[in-house]
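The next block holds one structure in the form of structure tokens; read it before the comments.
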Amino acid sequence: MIKQILSQDDLQKGEIYELFKKNNVESLFSTRDKKVHKHLRRLISPAFSVKYLNSLEGFFHDTLKAMIHKVDTQLQANNNQPTAIDTWKMWQSLALDIIGTTAFGQSFNMIENESHPVPDTISWEMRHSSWAANHPFLVKLLTLGRPLRSNPLITEFMMNVIRERSESGTRRNDILQILLDTKDASDPNDRLSDISIITETILFLIAGSETTSNTMGFAILELLRNPSALKCLQAEVDGLELPDDGVFRHDQVKSLPYLNAVINETLRLDAIAASGIERIADRDVVLGGTIFVPKGTMVIANVYDAHLNEKYWPNASKFEPERWLPGAPVPPANDAFFPFSTGSRDCIGKAFARKEMQLGIASFIRRFNIEPIAEEMEDAKQVRHFVTLTVAKNKTMVMISPRQQ
Ligand code: HEM
390 MIKQILSQDD
400 LQKGEIYELF
410 KKNNVESLFS
420 TRDKKVHKHL
430 RRLISPAFSV
440 KYLNSLEGFF
450 HDTLKAMIHK
460 VDTQLQANNN
470 QPTAIDTWKM
480 WQSLALDIIG
490 TTAFGQSFNM
500 IENESHPVPD
510 TISWEMRHSS
520 WAANHPFLVK
530 LLTLGRPLRS
540 NPLITEFMMN
550 VIRERSESGT
560 RRNDILQILL
570 DTKDASDPND
580 RLSDISIITE
590 TILFLIAGSE
600 TTSNTMGFAI
610 LELLRNPSAL
620 KCLQAEVDGL
630 ELPDDGVFRH
640 DQVKSLPYLN
650 AVINETLRLD
660 AIAASGIERI
670 ADRDVVLGGT
680 IFVPKGTMVI
690 ANVYDAHLNE
700 KYWPNASKFE
710 PERWLPGAPV
720 PPANDAFFPF
730 STGSRDCIGK
740 AFARKEMQLG
750 IASFIRRFNI
760 EPIAEEMEDA
770 KQVRHFVTLT
780 VAKNKTMVMI
790 SPRQQ
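Residues 390 to 794 (the working numbering) are what the sequence shown spells out, left to right.
Have a look at this one:
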């Protein structure tokens, strides 16, 4: 039925997406208009093609190197003894810096400084959106129905990046460049305005940072809860030659069976869209051949139920990466697996996210030992849905020590 809602019938996005509408312009993520969406998706897709992503790999490496260096420095300051480090925050900083350098034209240096006005402000706005989702009438009252605008600080930051790039005449191979290149399109309808470009990049940060960092955070938690899985993953990455700079190349890790099994199993058990994907019946439909849904009815695609349903996933609540390995007794139920949604509105950044997770998890696990801290593991059982699925305390301290090179 989820496939029918999201793909075959391709129902319209629900009203909740209005909360992500900024600056009164339509964006790829927030638009509910199918025609507008199709047009934007065509313009923006080239930035997320596998080929273009390969050309961005240097940005992923530089950021990952900075993260590994930061952890190394913290360990050295403690004579390389096991050291408690907040891995939740570590992945957040990594993901923000990768989005910064690929989509905003420059790194936010979150890994180094732990703070930057742009992601800090957007994070504040996301909290506001989450609160607003639960208090729609109050929001209408407070804003008097006016459109939500992004903070002038973000607009100014981005305007400066755009201005500097066009004044210097330089091209930078990144996602922002693809958006800027639309300005030279022969068809005036294909030219994105500055405010559209700014709005898209903000939405990339919202859609692409916590989703990816939380998944990596949950993967570490699952590995700590399942030491035999951690051993299998370590054995797999230990079989690879680690480049001198301490970060794997994507070609080395992209097809590792156990690494991908760990990522898929985390995406299944700790699905970021666990609260469901909201749609509205834009016409009368019959779901599953029996349920009549009149036009205008809100419909939620329940990803959580599909991912934890025993009908499709034996031992559904158990973390078992082995179910994803070739030759598993019961093959994975790909028809009941929707971490990135499906259909016309599926995640445009899924290859980007997989690349980041493959490089990040493999390089980190190769380089460092991880051990659980009992109290933190207990705390991590409390999860909540705040735009994305997250651990309630928004932190996870893990004991980290160096592994042999
Ligand atoms: C593990 C990481 C990620 C997960 C689990 C994830 C999940 C999803 C899901 C479930 C949707 C559909 C949302 C809906 O219909 O309400 C979506 C859409 C989207 N995602 Fe992701 N995402 C991830 C990473 C990323 C990244 C890295 C980016 C960009 C850099 C990104 C950008 C987007 C955009 C722009 C959309 C809207 C696409 C459209 O409507 O055409 N996501 N994502």
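Just so it is clear, CB atoms sit at the ideal spot from N, CA and C, and this is done for glycine as well.
Under the criterion of a Cβ to heavy atom distance below 7 Å, does residue i qualify as lining the ligand HEM?
i      : result
Gly597 : yes
Asp735 : yes
His426 : yes
Thr600 : yes
Gly447 : no
Arg430 : yes
Ser730 : yes
Gly606 : no
Glu680 : Residue identity check: residue 680 is Ile in the sequence provided, not Glu. Result no, Cβ not under 7 Å from the ligand HEM.
Ile591 : no
Ala662 : yes
Gly738 : yes
Phe775 : no
Phe726 : no
Ile488 : yes
Phe418 : yes
Leu656 : yes
Ala742 : yes
Ile609 : no
Leu666 : Residue identity check: residue 666 is Ile in the sequence provided, not Leu. Ile666 Cβ: within cutoff of the ligand HEM.
What residues match up with residue i in a beta bridge as DSSP calls it?
i      : result
Thr777 : Phe775
Ile759 : Ile789
Gln401 : Ile669
Thr472 : Ile789
Ala690 : Ile666
Would you mind working out which of the options sits nearest residue i, comparing C-alpha positions?
i      : options                           : result
Met786 : Trp480, Phe727 and Thr476         : Thr476
Gln393 : Ala618, Asn691 and Ala763         : Asn691
Ala742 : Leu442, Lys402, Asp399 and Glu625 : Leu442
Lys643 : Asp461, Lys572 and Lys744         : Lys744
Lys782 : Thr491, Phe681, Ala436 and Asn603 : Asn603
Phe409 : Leu400, Pro616, Arg421 and Asp398 : Arg421
Phe753 : Asn502, Ile474, Leu400 and Ser575 : Ile474
His426 : Gly749, Asp563 and Gly732         : Gly732
Leu417 : Met499, Ile587 and Asp509         : Ile587
His774 : Lys459, His428 and Asp659         : Asp659
Met510 : Phe637, Ile591, Ala769 and Arg638 : Note that residue 510 is Thr in the sequence shown, not Met. Considering only alpha carbons, the answer is Ile591.
Asn540 : Asp399, Leu445 and Pro508         : Pro508
Val651 : Lys478, Ile609 and Phe448         : Ile609
Ile762 : Arg756, Lys770 and Arg755         : Lys770
Glu501 : Thr491, Lys478, Asp768 and Phe437 : Lys478
Gln641 : Asn653, Gly494 and Ile750         : Ile750
Gly489 : Ala596, Pro710, Lys411 and Glu630 : Ala596
Tyr647 : Arg668, Thr679 and Leu612         : Leu612
Asn562 : Ala624, Thr655, Gly447 and Thr544 : Gly447
Arg672 : Ala662, Ile661 and Met687         : Met687
Asp583 : Arg755, Glu407, Glu415 and Pro791 : Glu415
Gln623 : Ala662, Phe757 and Ile666         : Phe757
Ala663 : Val776, Phe593, Glu760 and Val636 : Val776
Label residue i either buried or exposed according to how many other C-beta atoms from any shown protein chain fall within 10 Å of its C-beta, with 16 as the threshold for buried.
i      : result
Gly606 : buried
Ser719 : Residue identity check: residue 719 is Val in the sequence provided, not Ser. When all chains shown are included, Val719 counts as exposed.
Arg734 : buried
Ser598 : buried
Pro728 : buried
Arg560 : exposed
Lys402 : buried
Thr779 : buried
Lys411 : buried
Val439 : exposed
Trp513 : exposed
Arg668 : buried
Which first and last residues belong to the beta strand (DSSP E) in which residue i is found?
i      : result
Val675 : Val674 to Leu676
Asp451 : Per DSSP, Asp451 belongs to no beta strand (DSSP E); it is in the alpha helix (DSSP H), Glu446 to Gln465.
Ala725 : Ala725 -> no beta strand (DSSP E), and no H or E assigned at all.
Phe681 : Ile680 to Val682
Can you tell me where the alpha helix (DSSP H) with residue i in it begins and where it stops?
i      : result
Ile661 : No alpha helix (DSSP H) holds Ile661; DSSP gives it neither H nor E.
Met499 : Met499 to Asn502
Ala717 : Element bounds for Ala717: n/a, residue is neither H nor E.
Cys736 : Looking at the DSSP string, Cys736 is not in any alpha helix (DSSP H), and its letter there is neither H nor E.
Leu619 : Pro616 to Asp627
Phe593 : Asp583 to Gly597
Phe546 : Pro541 to Ser557
Asp640 : His639 to Val642
Lys427 : Lys423 to Ile433
Leu568 : Ile564 to Asp570
Do we get a CB-CB distance below 8 Å when we pair residue i with the residues of chain B?
i      : result
Phe607 : Note that chain B does not occur in the displayed structure, where there is just one protein chain.
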